[in-house]
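Q: In the numbering used here, the protein residues as written are 3 to 352.
Provided herewith is a single structure, encoded as structure tokens, for subsequent inquiry.
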Ligand SMILES: [Zn+2]
Ligand SMILES: [Zn+2]
């Protein structure tokens with residue numbers, strides 16, 4: 003079959019790769035109908051992270067084409083989304099959906115991260131182990147675009163807002179208005195935020211946030227502007243979709259005393275400076291972590307069905323559709339972030 007192989011920084015190749023095979027009696031084989039490129043795919047694209055020569059990607063929706071005899075909840079022909087994170091399906095965290103805290107596999111497992119036993123999803127098909135725990139049915143009224151968002155991005159955004167405990171009436175700031183940041187704006191409103199300030203250095207991204215209802219304060223003097231708009235107090239919750247040194251310091255400045263910061267951006271650095279005294283004197287809470295997609299999807303399905311999350315707005319975050327065979331160009335484009343580009347998806351049939 004065909005897939006996108008990572009051959010080192012800047013080197014994405016559309017190649018013949020080994021066929022995905024049924025991974026045991028509890029597994030399923032999924033033929034891809036849409037694959038996504040995620041911001042975290044750009045980390046190895048930029049920097050050698052120690053592994054190369056593996057199939058990339060952790061966002062895919064498709065159709066079940068084979069199931070093992072122990073799979074109870076899925077049949078051949080089912081339309082499914084594949085969560086980026088993989089659980090063992092046996093331990094207590096996995097059984098409650100919190101697969102990133104899996105007790106069988108330390109540090110969580112995900113597709114396309116360089117582990118030779120878990121190839122990526124930017125391919126014609128993907129092998130899913132423990133299918134009953136690592137697949138979700140994708141209802142016919144949800145588009146493939148919605149399904150792709152549910153595999154990772156909107157789940158991560160929801161997790162971010164949930165850990166920040168966004169409450170009805172809260173004043174919220176979202177830092178970084180890339181695809182996940184925009185979805186974090188949506189999640190904050192779905193949880194009842196009164197106002198969501200959208201902060202980004204790029205004008206077109208701020209405009210995308212504005213379309214989702216975010217309050218835009220430009221790219222200069224954002225701290226005094228947000229303080230002015232919150233009676234000098236700062237916001238109840240800061241949701242940081244960037245996770246760098248500058249945005250961490252900004253989050254601590256923006257949050258009110260006793261407020262909450264939730265950070266889900268994956269830094270390209272192992273260590274960053276942290277203004278510990280500024281944080282201490284504010285009595286703030288600081289949360290960071292990796293989303294367990296399986297724990298968030300049921301809540302997201304409910305929010306989409308109820309309309310607190312608007313499925314059309316969510317699907318509109320996909321701005322670019324390309325062929326899997328154009329993967330190298332798709333990565334180049336996604337990395338260059340031309341004006342108006344948000345989410346890039348790939349058609350694996352072409
Ligand atoms: Zn991702
Ligand atoms: Zn587990």
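All C-beta atoms in this analysis are idealised placements derived from N, C-alpha and C, irrespective of residue type, glycine included.
It should be emphasised that the depicted structure is a prediction, and the values quoted were computed from it without experimental measurement.
(1) Which word fits residue 294, buried or exposed, when buried means at least 16 other C-beta atoms lie within 10 angstroms of its C-beta?
(2) Flag residue 106 as yes when its Cβ comes closer than 7 Å to any non-hydrogen atom of ligand 2, and as no otherwise.
(3) Can you find at least 3 beta carbon pairs, one from the region 131-150 and one from the region 171-187, that sit closer than 8 Å?
(4) Evaluate contact between the region 158-168 and the region 293-307, counting only Cβ atoms and requiring at least three cross-stretch pairs below 8 Å.
(5) For residue 128, report the span of its beta strand (DSSP E) as first-last.
(6) Do you know how far the Cα of residue 126 is from the Cα of residue 55?
(7) What residue from 131, 288, 208, 112 has the CA that sits closest to residue 22's CA?
(8) According to the Cβ coordinates, are residue 152 and residue 320 closer than 8 Å?
(9) What residue does the alpha helix (DSSP H) around residue 148 start on, and which one ends it?
(10) For residue 233 and residue 82, what's the separation of their Cα atoms in angstroms?
(11) Once DSSP output is grouped into helix, strand and coil, what is the label at residue 1?
(12) Ordered along the chain, which non-local residues of its own chain (more than five positions away) have a Cβ less than 7 Å from that of residue 357?
(13) Sorted by chain position, which residues of the same chain lie with C-beta nearer than 7 Å to residue 342's C-beta, five sequence neighbours on each side aside?
(14) Would the C-beta of residue 48 count as close to ligand 1, meaning under 7 Å from any of its heavy atoms?
(15) Could you name the residues, in chain order, whose CB is less than 6 Å away from a heavy atom belonging to ligand 1?
(16) Between the C-alpha atoms of residue 111 and residue 118, what's the straight-line distance to the nearest angstrom?
(17) What's the C-alpha gap between residue 307 and residue 141?
(18) If you check the beta carbons only, do residue 57 and residue 122 fall under 8 Å apart?
(19) When DSSP builds the beta bridges, which residues end up paired with residue 36?
(20) Is the distance from the Cβ of residue 33 to the Cβ of residue 59 below 8 Å?
(21) In terms of residue numbering, what span does the alpha helix (DSSP H) encompassing residue 173 cover?
(22) In terms of alpha-carbon separation, which member of 253, 168, 47, 171 lies closest to residue 15?
(23) Considering only C-alpha positions, which residue in the set 265, 182, 270 is nearest to residue 287?
A: Taking the geometry as given:
(1) buried
(2) yes
(3) no
(4) yes
(5) 127-130
(6) 17 Å
(7) 131
(8) no
(9) 146-153
(10) 47 Å
(11) Coverage of the chain is limited to positions 3 through 352, which leaves residue 1 absent and any answer about it impossible.
(12) Since the displayed the chain opens at 3 and closes at 352, residue 357 lies outside it and no answer follows.
(13) 206, 321
(14) no
(15) 40, 42, 60, 86, 154
(16) 12 Å
(17) 10 Å
(18) yes
(19) 63
(20) no
(21) From DSSP, residue 173 is part of no alpha helix (DSSP H) but of the beta strand (DSSP E) over 173-177.
(22) 47
(23) 265
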